[in-house]
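Peer 1: Using the working numbering, you'd call the opening residue of the sequence shown number 484 and step up by one each time. By construction, the Cβ of each residue, glycine as well, lies at the ideal position given by its N, Cα and C atoms. Handing you this structure, nothing more for now.
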Amino acid sequence: MADLFDVSGKVAVVTGGGGVLCSEMARALASRGVKVAVLDINEGQAKVVADEIKANGGEAIAVAVDVLNKASIEGARDVVLEHFGTVDILINGAGGNKPEAPASDTMSFFDIPADAIQWVFNLNIIGTILPTQVFGKVMAEKGEGVGINMSSMAAFKPLTRTVAYSAAKAAVSNFTQWMAVHFAQNYSPNIRVNALAPGFFLTNQNYYLLVDKETGEPTQRGHQIISHTPMGRYGEPRDLIGTLLWLVSDAASFVNGVVVPVDGAFSAYSGV
Ligand SMILES: NC(=O)c1ccc[n+]([C@@H]2O[C@H](COP(=O)([O-])OP(=O)(O)OC[C@H]3O[C@@H](n4cnc5c(N)ncnc54)[C@H](O)[C@@H]3O)[C@@H](O)[C@H]2O)c1
């Protein structure tokens, strides 16, 4: 049974690999013998992650990329192919929210700037589609591969205030299903595409919403989240790893087009 989860020797591209959740994924894959290309717009952060992997005996490269710029992604693809020869796994991890985009006490929904809404849509959905065009083509040509997108609880049920991010992540879930069908029907049944929908993980992108910057205490929203998470805590990045290793390996050989919540039962809880 152990072989079912064997991913050693595969090549993974992880966008947003310098970030909190995806750096953990990059390290976990590398520890299983996967060659990892850590792609991030923050090249310095990607390099920190790749260097750490190499210091621990793994294989990794850091590549600067802007997931919103196709020429930049194609340049990154060329670097990956030159170093590792192929791509087996694509993790579309780059994504996030912006303080100006949610509605709040100081920002009425009616006044949210169009460019803030567009920024969130671009990063989360366009930033998933463009890398899929570039790296998905490599998989289509060889008739094999695995895609993992990063959705969110906000895609299952929109979160109060979080208007653009909820809609953009709903689009990521929808695209995950579309992509699974399209690749299986047009290129190969051996290309699978699924998404993770993390619950609430305390990271850079939501810290300002969940922790009071003056006192360091949980905000009212932070309290609401924990009280609606039956397991009573935030997720830790390592909580995603088991699901990731399942989805990228042959253990999930017939699992295609699903969005898997990793959320401490947040999505199961009616609130009563
Ligand atoms: N933190 C959570 O609770 C949570 C919950 C659900 C989903 N997610 C999703 O998981 C993913 C990772 O989240 P995180 O909390 O680790 O965020 P993070 O901000 O730590 O990481 C995101 C990374 O993406 C990179 N990035 C931003 N714009 C880019 C661009 N244009 N091109 C390339 N890279 C770019 C950033 O430099 C950063 O390293 C995101 O898609 C996020 O929306 C997070």
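1. For ILE608, I'd like the list of residues in its chain whose CB is within less than 7 angstroms of its CB, leaving aside the five on either flank, ordered along the chain.
2. Check this for me: beta carbons of TYR648 and LEU685, under 8 angstroms apart or not?
3. Grouping DSSP H, G and I as helix and E and B as strand, with all else coil, what is LYS640?
4. So does GLN601 have its beta carbon nearer than 7 angstroms to some heavy atom of ligand 1?
5. Could you check where the alpha helix (DSSP H) with LYS537 kicks off and where it finishes?
6. On the three-pair Cβ rule with 8 angstroms, is the stretch 613–632 touching the stretch 587–604?
7. Quick one: Cα of GLY630 to Cα of PRO720, how far?
8. Just verifying my parser: in three-state terms, what is the DSSP assignment at VAL570?
9. Taking 7 angstroms as the cut-off, is the beta-carbon of ASP722 closer than that to any non-hydrogen atom of ligand 1?
10. What span of residues does the beta strand (DSSP E) with ASN552 cover, start to end?
11. If you reduce the DSSP assignment to three classes, tell me which class PRO713 lands in.
Peer 2: According to the structure shown:
1. ALA651, ALA654, VAL655 and PHE658
2. no
3. coil
4. no
5. 526–538
6. no
7. 19 angstroms
8. coil
9. no
10. First-last for ASN552: undefined, no H or E at that position.
11. coil
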